[in-house]
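In the numbering used here, the protein residues as written are 24 to 305.
Note that beta-carbon positions come from the ideal geometry of N, C-alpha and C, so glycine has one too.
In what follows, a structure is listed as structure tokens, so that the remarks can point back to it.
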């Protein structure tokens with residue numbers, strides 16, 4: 024039962040091949056129009072559908088190829104902090120930092136890196152944070168172009184590794200570099216995974232200046248924002264960047280929560296109030 028503040032948090036794909044039917048119809052329709060009315064009418068439809076499919080692959084927030092969470096539907100000053108690309112040498116310091124700010128985060132982990140550092144995965148869970156699936160090997164240069172079998176392998180292998188290490192399978196998936204091609208939905212559906220994008224990012228995987236990262240994230244900061252950060256960046260300043268972001272969030276009055284934990288926390292007092300015949304006040 025979702026809470027009023029967090030309705031329909033989880034959204035695994037229900038029709039993973041809907042895009043294929045629409046794409047096929049657009050191509051057939053374009054051909055028929057081209058044959059009957061001329062190619063100056065049919066060709067734009069064919070090429071337009073292909074361009075739209077390519078755009079949906081490259082745009083992380085696009086829902087054309089699969090459902091995706093971009094933000095939480097809340098009015099309170101709550102954000103969902105997500106940290107990609109771990110585990111890494113930064114993970115222990117990040118966990119201490121999150122404890123200091125009483126903040127919770129979802130760590131989107133790479134399967135191969137998790138298998139190499141199993142103790143860090145268990146420590147993330149022990150500290151009350153959440154684990155997300157971020158592929159098995161993080162093929163950042165060609166994830167967007169993976170064929171169906173390779174896409175399934177990237178998702179399923181990471182799901183198995185992370186599930187065994189964390190004690191339960193991840194619920195969330197983040198596409199590598201955010202790009203989700205037409206075959207992602209079919210890989211997510213049998214595993215019950217929900218794709219998660221973001222609404223605030225600071226490009227911290229490459230930007231080493233904490234002030235610049237904070238300024239970029241601040242532009243997308245709203246109640247319910249999903250904040251994208253990274254660990255183990257080549258510039259070596261990921262911990263300092265996350266610290267600056269947490270400091271900014273605190274000063275702006277935001278709390279970093281996990282959506283499902285927050286939903287359960289709200290449901291319990293409401294259920295108790297219902298049993299007593301009263302309405303819980305927010």
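Assigned exposure category for residue 163 - 16 Cβ within 10 Å defines buried: exposed
Practice prompt. Quick one: which unbroken beta strand (DSSP E) runs of 3-plus residues sit fully inside the region 97-181? Chain order, please.
Written response: 101-109, 128-132, 153-156
One or two residues paired with residue 253 in a DSSP bridge:
107
Residue 54 versus residue 68 - alpha carbon distance:
9 Å
- prompt: Taking the C-alpha atoms as reference points, what is the distance between residue 121 and residue 64?
  reply: 57 Å
Would you say residue 207 and residue 59 are within 8 Å of each other, going by their C-beta atoms? One thing to note: residue 207 has its Cβ no nearer than 8 Å to the Cβ of residue 59.
Could you compute how far the alpha carbon of residue 158 sits from the alpha carbon of residue 97? 29 Å
| Closest to residue 124 by CA distance: which of 171, 221, 267, 285 is it? | 267
- Between which two residues does the alpha helix (DSSP H) carrying residue 244 extend? Residue 244: not part of any alpha helix (DSSP H); DSSP gives it neither H nor E.
Mind the definition here: the region 136-147 touches the region 167-176 only if three or more C-beta pairs lie below 8 Å; say whether that holds.
No, they do not touch.
CA-CA distance, residue 330 and residue 226? The chain is shown from 24 up to 305; residue 330 falls before or after that span and cannot be answered.
Practice prompt. Could you tell me which residues DSSP puts in a beta bridge with residue 219?
Written response: 92
Can you grab the Cα-Cα spacing for the pair residue 272 / residue 83, in whole Å?
-> 24 Å
Checklist line | Rounded separation between residue 217 and residue 166 - CA only | finding: Using only the alpha carbons, I get a separation of about 18 Å.
Do residue 182 and residue 192 count as a contact pair if the criterion is CB distance below 8 Å?
yes
Original post:
If you drop the 5 nearest sequence neighbours on each side, which residues of the same chain put their C-beta closer than 6 Å to that of residue 219?
Top reply: The beta carbon of residue 219 lies closer than 6 Å to those of 92, 195, 197 in the same chain, with the five residues before and after it left out.
- Task: Compute the beta-carbon to beta-carbon distance between residue 255 and residue 119, rounded to the nearest angstrom, for a pair I have assumed lies under 8 Å.
- Result: Not quite, the Cβ-Cβ distance comes to about 16 Å (not below 8 Å), so this is no contact.
*Is the beta carbon of residue 237 sitting closer than 8 Å to the one on residue 103?*
no
State the start and end residues of the unbroken alpha helix (DSSP H) segment that holds residue 211.
In the DSSP annotation of this structure, the continuous segment of the alpha helix (DSSP H) that includes residue 211 starts and ends at 207-211.
Beta-carbon proximity check, residue 110 vs residue 137, cutoff 8 Å: yes
Q. Looking at residue 215 and residue 180, is the spacing between their C-beta atoms short of 8 Å?
A. no
Less than 7 Å between C-beta atoms, sequence neighbours within five positions excluded: which residues of the same chain meet that for residue 201?
83, 220
In this structure, does DSSP put residue 224 in helix, strand or coil? strand
Using the beta-carbon count (16 or more within 10 Å), is residue 229 buried or exposed? exposed
query = Can you check whether the CB of residue 233 is closer than 8 Å to the CB of residue 275?
reply = no
With distances taken from CA atoms, which of 155, 139, 128, 205 is nearest residue 377?
-> The structure shown does not extend to residue 377, since the chain spans only 24 to 305, so no value can be given for it.
query = What's the C-alpha gap between residue 269 and residue 62?
reply = 56 Å
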